[in-house]
Amino acid sequence: MKFVGIGQSLTARLRSKGEGPIRMDRANGDKDKNRFLKSLGYVLFIFSFSSFLITEDCLDQSKLELPNLISEVLKRNPDLAATEERIRAAEFFEKRVQILDDPFFRIMRHAQPFDSKKNSIFIPKTRFELMQEFPFPGKLSLKGRIAHQQVLFHESEQLSTIQELILISKKLYFQLYFNQAALEINEVNRKIVSELVKEALSLYRTGEDGFSEAVKAQVELQILDDEKLKLNAAKDRILSMINAILNRPSYDPLGTPQDAFTLPISLCSEELEYIAFQHNPELQGIEAKIGEQNYRKDLAKREYFPDFTVSSRFDHRIASDDTAWGVAVGINVPIWIPWKQRRAVQEARALAQSHFDELANWKSMIRGKIREILSEIFFLEERILLLKTGILPKTIESLESGKSEYRTGRGDFITLLDTIRQYYEYQLEYENARAQREVFLAELERTIGIYLEEIKCASLN
């Protein structure tokens with residue numbers, strides 16, 4: 002079955018960036034923001050449209066489809082909703098910091114004598130003052146750019162949360178699939194062993210075999226019963242974890258997972274590294290931090306220059322119609338530049354360098370992670386092929402031959418029992434390898450930041 006991981010293929014393109022200059026100007030930032038909002042709106046439209054088409058809750062159906070599970074997780078998970086609120090808060094902050102501070106207004110009565118001397122030189126007056134501070138040109142815009150980098154960081158956090166939820170959903174889905182497959186395999190093998198018990202008892206009654214063989218077969222059946230109990234307990238745990246990320250009660254039912262295995266694809270580590278460096282949300286978040294510190298460095302340099310204060314004054318003499326006015330312009334004098342502003346520049350430069358080092362470390366870790374995952378995928382694909390085309394067919398052939406020989410009294414009971422055990426184990430290993438391959442593919446998608454289907458589509462185009 003071929004499927005598309007809803008949300009991942011779209012959200013991975015929300016802020017595609019190359020390895021060019023990390024600090025972006027305002028126009029590029031707005032472009033990224035518009036692309037983000039457009040893509041996010043597209044994702045929400047798909048969710049709404051799918052809800053319109055499906056009249057009943059897809060999670061309450063008898064079959065559980067992976068795309069439906071991912072869609073529901075992205076709609077219901079509260080952690081993802083929290084990231085959206087953090088983005089909204091950061092956007093409000095970005096707009097707020099670019100506004101001037103409130104003006105200062107003051108009313109003062111002054112020159113009022115302490116006594117009632119008629120010849121006092123002090124004449125009572127009321128003064129009204131209005132004062133507004135204007136930062137040096139460029140400071141407010143730099144504060145806005147700093148805040149915009151914080152918005153980009155929160156957007157990268159949202160992408161990271163989306164991709165992490167998709168990864169967790171796929172892991173739990175294939176754990177549930179393997180659990181269901183193991184229960185079915187257990188049931189098939191219980192039937193095989195039950196038939197063996199009947200055969201052993203029948204041969205015992207005819208005197209062709211001993212009672213110990215029948216007892217051994219019954220013990221084997223009880224071992225399978227014990228395995229079934231463990232599998233059912235594991236199923237309850239997996240279901241509760243899925244309901245947790247769905248923000249549902251832990252005992253709410255879920256359908257039976259369906260086949261959702263991807264076809265074999267050719268993957269190149271160098272190409273995947275290049276894609277990861279462009280789309281990995283953690284890298285994008287670090288780049289936003291670097292951009293923030295670069296703008297903070299520029300803002301600290303602007304602090305070398307003074308801010309301006311413009312004020313106006315209106316005076317009114319008490320008990321007369323005499324009035325007067327005045328205006329004033331003032332500046333602050335940055336005389337502590339070597340000890341204050343210059344150190345702020347050095348602080349921002351040091352923090353930017355620390356984020357550069359963090360970025361280099363993340364890229365190195367991503368390279369290693371990609372190669373490790375590719376190695377595991379290659380191993381599992383070879384093992385799946387070996388089990389499917391070699392080991393399992395030969396084991397089935399040996400099992401059928403052993404059962405025929407045992408029925409005629411020519412076969413060895415212990416050999417037949419070992420063959421049944423091998424068949425059971427190989428079936429489990431085959432299904433486990435298939436599920437593990439999908440988990441590693443999901444981890445690869447999480448590492449590179451986009452859905453593998455996009456790589457295949459890009460190569461076809």
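With our numbering as the guide, the letters of the sequence shown map in order to residues 2 to 462.
For each residue, glycine too, the CB sits at the ideal point set by N, CA and C.
Discussion item. Taking DSSP's pairing of strands, which residues face residue 330 in a bridge?
Written reply: Numbered from its first residue, the sequence shown carries residue 330 at position 329. Residue 330 pairs with 311.
Practice prompt. State the start and end residues of the unbroken beta strand (DSSP E) segment that holds residue 126.
Written response: For the purposes of this step, residue 126 is taken as the residue at position 125 of the sequence shown. Annotation for residue 126: the continuous beta strand (DSSP E) segment containing it runs 126-135.
Worksheet item: What distance in whole Å lies between the Cβ atoms of residue 362 and residue 179, which are believed to be in contact at a cut-off of 8 Å?
Response: Translated into positions along the sequence shown, residue 179 becomes position 178. Translated into positions along the sequence shown, residue 362 becomes position 361. Taking C-beta atoms under 8 Å as the contact rule, residue 179 and residue 362 fail to qualify, at a distance of about 35 Å.
Worksheet item: Hey, residue 388 and residue 427 are a contact pair by Cβ (cut 8 Å); roughly how many whole angstroms apart?
Response: As a working mapping, residue 388 is identified with position 387 in the sequence shown. As a working mapping, residue 427 is identified with position 426 in the sequence shown. That belief holds up - the Cβ atoms of residue 388 and residue 427 are roughly 6 Å apart, short of 8 Å.
Practice prompt. Could you tell me the boundaries of the beta strand (DSSP E) in which residue 106 lies?
Written response: One-based indexing of the sequence shown puts residue 106 at position 105. Counting along the chain, the unbroken beta strand (DSSP E) around residue 106 starts and ends at 105-111.
Worksheet entry | Start-to-end residues for the alpha helix (DSSP H) that takes in residue 365 | Mapped onto the sequence shown, residue 365 falls at position 364. Counting along the chain, the unbroken alpha helix (DSSP H) around residue 365 starts and ends at 342-387.
Item to complete: Identify, in the order they occur along the chain, each residue of the same chain with its Cβ nearer than 6 Å to the Cβ of residue 443, setting aside the five sequence neighbours on each side.
Response: Against the sequence shown, residue 443 aligns to sequence position 442. Around residue 443: 168 and 171.
Item to complete: Would you give the residue range spanned by the alpha helix (DSSP H) that residue 248 belongs to?
Response: For the purposes of this step, residue 248 is taken as residue 247 along the sequence shown, with counting starting at 1. Segment: none, residue 248 is in no alpha helix (DSSP H) and carries neither H nor E.
Worksheet item: Out of 358, 356 and 303, which has the shortest C-alpha to C-alpha gap to residue 342?
Response: For the purposes of this step, residue 342 is identified with residue 341 of the sequence shown, where counting begins at 1. Checked all of 358, 356 and 303; the closest Cα to residue 342 is 303.
Worksheet entry | Three-state secondary structure assigned by DSSP to residue 325 | The residue labelled residue 325 in the question sits at position 324 within the sequence shown. Correct three-state label for residue 325: strand.
Worksheet item: Are residue 99 and residue 311 closer than 7 Å when you measure CB to CB?
Response: Mapped onto the sequence shown, residue 99 falls at position 98. Mapped onto the sequence shown, residue 311 falls at position 310. Not a contact, by the Cβ cut-off of 7 Å.
Fill in: Proximity to residue 89 [Cα-Cα], best of 154, 137 and 64
Stepping through the sequence shown from its first residue, residue 89 is reached at position 88. Taking only the C-alpha atoms, the option nearest residue 89 is 154.
Item to complete: State buried or exposed for residue 258, treating a residue as buried only when at least 16 other CB atoms are found within 10 Å of its CB.
Response: For the purposes of this step, residue 258 is taken as the residue at position 257 of the sequence shown. Buried, because 16 or more other Cβ atoms sit within 10 Å of the Cβ of residue 258.
Fill in: Outcome for residue 294 when other beta-carbon atoms lying within 10 angstroms are tallied against a minimum of 16
Residue mapping note: residue 294 aligns to position 293 of the sequence shown, counting from 1. Residue 294 should be labelled buried.
Worksheet item: How is the alpha helix (DSSP H) around residue 74 delimited, first residue to last?
Response: By 1-based counting over the sequence shown, the position of residue 74 is 73. In the DSSP annotation of this structure, the continuous segment of the alpha helix (DSSP H) that includes residue 74 starts and ends at 67-77.
Worksheet entry | Three-state secondary structure assigned by DSSP to residue 1 | Past the boundaries of the shown model lies residue 1; the chain is included only from 2 to 462, so the question cannot be answered.
Item to complete: For residue 181, I'd like the list of residues in its chain whose CB is within less than 8 Å of its CB, leaving aside the five on either flank, ordered along the chain.
Response: Taking the first residue of the sequence shown as position 1, residue 181 is located at position 180. Closer than 8 Å at Cβ, skipping near neighbours: 236, 257 and 258.
Item to complete: Could you tell me which residues DSSP puts in a beta bridge with residue 64?
Response: Here the question's residue 64 lines up with position 63 in the sequence shown. In DSSP, residue 64 forms a bridge with 257.
Discussion item. I'd like to know whether the C-beta atoms of residue 371 and residue 448 end up nearer to each other than 7 Å.
Written reply: Position 370 of the sequence shown, counting from 1, holds the residue named residue 371. Position 447 of the sequence shown, counting from 1, holds the residue named residue 448. Yes, the pair counts as a contact, with Cβ atoms nearer than the cut-off.
Discussion item. Suppose you measure from the CA of residue 264 to the CA of residue 390; what does that come to, to the nearest Å?
Written reply: Mapped onto the sequence shown, residue 264 falls at position 263. Mapped onto the sequence shown, residue 390 falls at position 389. Cα to Cα, the separation comes out at about 17 Å.
Item to complete: Check the C-beta distance from residue 375 over to residue 270 and give it rounded, since I have them as a contact under 8 Å.
Response: The sequence position of residue 375 within the sequence shown is 374, counting from 1. The sequence position of residue 270 within the sequence shown is 269, counting from 1. Correct: roughly 6 Å between the Cβ atoms.
Worksheet entry | 7 Å Cβ cutoff met for residue 382 and residue 441 | The residue you call residue 382 lines up with position 381 of the sequence shown. The residue you call residue 441 lines up with position 440 of the sequence shown. Not in contact: residue 382 and residue 441 (Cβ atoms no closer than 7 Å).
Worksheet entry | Simplified DSSP assignment, three categories, for residue 318 | Within the sequence shown, the letter at position 317 stands for residue 318. Residue 318 sits in a strand when the DSSP states are folded into three classes.
Fill in: When 188, 197 and 323 are compared against residue 213, the one with the closest alpha-carbon
By one-based count along the sequence shown, residue 213 stands at place 212. Of the listed residues, the one whose Cα sits closest to residue 213 is 197.
Discussion item. Please classify residue 64 as buried or exposed, where buried requires at least 16 neighbouring CB atoms within 10 angstroms.
Written reply: Counting from one through the sequence shown, the residue named residue 64 turns up at place 63. With a threshold of 16 other beta carbon atoms within 10 Å, residue 64 falls short and is exposed.
Fill in: Assumed close pair residue 128, residue 316 - CB separation to whole angstroms, cut-off 8 Å
Your numbering for residue 128 matches position 127 in the sequence shown. Your numbering for residue 316 matches position 315 in the sequence shown. About 5 Å separates the two Cβ atoms, so the contact holds.
Worksheet entry | Sufficient close CB pairs (3 or more, under 8 Å) joining the stretch 313-331 to the stretch 144-151 | No contact exists between the stretch 313-331 and the stretch 144-151.
Worksheet item: For the ligand PLP, any of its heavy atoms closer than 6 Å to the Cβ of residue 231?
Response: Absent from the structure shown: the ligand PLP. Ligands present: none.
Worksheet item: Are the stretch 100-109 and the stretch 272-288 touching by the rule of at least three beta carbon pairs closer than 8 Å?
Response: Using a Cβ-Cβ distance cut-off of 8 Å, the stretch 100-109 and the stretch 272-288 are not in contact, since fewer than three pairs of beta carbons, one from each stretch, lie closer than that value.
Discussion item. Taking the alpha carbon of residue 112 as the reference point, which residue from 123, 105 and 308 has its own alpha carbon closest?
Written reply: The residue you call residue 112 lines up with position 111 of the sequence shown. Considering only 123, 105 and 308, the residue with the shortest C-alpha distance to residue 112 is 123.
Worksheet item: Exposed or buried, which one is residue 69 when buried takes at least 16 other CB atoms within 10 Å?
Response: Within the sequence shown, numbered from 1, the residue matching residue 69 stands at position 68. Buried is the label assigned to residue 69, since at least 16 other Cβ atoms lie within 10 Å of its Cβ.
Fill in: First and last residue of the uninterrupted alpha helix (DSSP H) at residue 429
What you label residue 429 is simply residue 428 of the sequence shown in a count that begins at 1. Looking at the DSSP string, the run of the alpha helix (DSSP H) that includes residue 429 is 414-449.
Discussion item. Rounding to the nearest angstrom, what Cα-Cα distance links residue 229 and residue 187 in this structure?
Written reply: Position 228 of the sequence shown, counting from 1, holds the residue named residue 229. Position 186 of the sequence shown, counting from 1, holds the residue named residue 187. Their Cα atoms are separated by approximately 7 Å.
Discussion item. Assuming contact is defined by CB atoms lying nearer than 7 Å, are residue 232 and residue 255 in contact in what I supplied?
Written reply: Looking up residue 232 in the sequence shown gives position 231. Looking up residue 255 in the sequence shown gives position 254. The beta carbons of residue 232 and residue 255 sit no closer together than 7 Å.
Worksheet item: Taking C-beta to C-beta, are residue 157 and residue 286 nearer than 7 Å?
Response: Indexing the sequence shown from 1 puts residue 157 at position 156. Indexing the sequence shown from 1 puts residue 286 at position 285. Note that the C-beta distance between residue 157 and residue 286 is below 7 Å.
Fill in: CB of residue 420 within 7 Å of CB of residue 399, strictly
Your numbering for residue 420 matches position 419 in the sequence shown. Your numbering for residue 399 matches position 398 in the sequence shown. Contact: yes.
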